[in-house]
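Under our numbering, the first residue of the sequence shown is numbered 738, with each subsequent residue one higher. Where a beta carbon is used, it is the ideal one built from N, C-alpha and C, also for glycine. So the structure is just underneath, and the comments pick up after that.
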Amino acid sequence: MTNPSKLGRGLDILLGQASSNEQSDNNLKILRINELQRGQFQPRDDVNPDTLNELANSISAQGIIQPLVARKITYDKYEIIAGERRWRAAKIAGLTEVPVIVREINDQVALAIGLIENIQREALTPLEEAKALRQLIEDFKMTHEEISHVVGRSRSSVSNLIRLLQLGNDAKQLLSNGDIEMGHGRALLPLSNEQQLEVGNQVVQKSLSVRQTEELVKRVLNPKPATSNTIEPHIQAHTDSLNKKLNSKTEIKDNNNKGRIIIHYQSEDELNNILSHIK
């Protein structure tokens, strides 16, 4: 689980101020619902309608306790940086105005705030978080190390999350649906897209752990050579001849002209009969 205190410190670094939650009377405004619009850097792809309705009911009863955070983009429009769920729920609840802290925020900080807010609530899927982290790299040239300080994760955790974006579409869908976890997804990375789907389906059907999935992937990548049960015609001919002569089941195990002969018997009489033919 991500440490919230680390997230707060990371955000402070970006904002360049003592606390990201500071509410100044000069910055706190009451804005009309239609003056706000969805943030372009919102990392979430979907919002659960059930939880959104629950939040709307809470807002109807108690109002919005924590103001939204937004930045001004035109004279009468504001882009939501943090609090899109509260904004959507407020519309469902029938509110016409909401409290908003207006800040002068650049794109890098806007993306980081949206990402951090959702991580704090554990609201992002692994792939949503991975996409947002990659955007920090591509749009703002941040390193994995810098991102780790901002979002409160280890550098290796950041790298592992971003690697999930290398999964095939079918495996990504399993991950997005919650059918498999991040650890499962990471284990599937060495496989082809077809193998990822095949193994992913086995993970779901058999409820495999991450460790079991890793072992299964190893077996897929390094299959044991199939043992051939094909008997050479001349070996089969010798076997048939011995079976007939000894009146017993025999096996010839040949390996490049070396091997062994196995003679089966079911009684002492059969053994004596075999020995009489050998003597």
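Contact annotation: the stretch 864-876 does not touch the stretch 821-839, with fewer than three C-beta pairs closer than 8 Å. Taking 8 Å as the cut-off, the Cβ atoms of HIS1001 and SER985 count as close. In this structure, the straight-line span from the alpha carbon of ILE838 to that of ASP876 is close to 25 Å. Of the candidates VAL947, GLU952, ARG823, ARG823 places its Cα closest to the Cα of ALA807. If only complete runs of 4 or more residues are kept, the stretch 969-1014 shows the alpha helix (DSSP H) at 970-983, in order along the chain.
ILE874 carries a helical assignment under DSSP once its states are collapsed to helix, strand and coil. Under the 10 Å beta carbon count, GLY915 is surrounded by fewer than 16 other beta carbons and is classified as exposed. Check the Cα spacing between LEU945 and each of THR967, LEU925, GLU1005: the tightest is with LEU925. The DSSP-derived three-state label of LYS943 is helix.
In the same chain as GLU772, and ignoring 5 residues on each side of it, the C-beta atoms closer than 7 Å to its own belong to ASP813, LYS814, TYR815, in chain order. Within the same chain, Cβ atoms closer than 7 Å to the Cβ of VAL957 are found at LEU928, GLN932, VAL936, the five residues on either side in sequence being excluded. For ILE810, the enclosing beta strand (DSSP E) starts and ends at 805-811. Inclusion of ARG923 and LEU902 in the CB contact set at 8 Å is not warranted, their separation being larger than that value. The C-beta of LEU765 has fewer than 16 other C-beta atoms within 10 Å across all chains shown, which makes the residue exposed.
Short of 7 Å from the beta carbon of LEU979, and not among the five residues preceding or following it, lie these beta carbons of its own chain, in chain order: THR987. Of LEU911, ILE770, VAL846, ARG775, the smallest CA-CA separation from VAL887 is found for VAL846.
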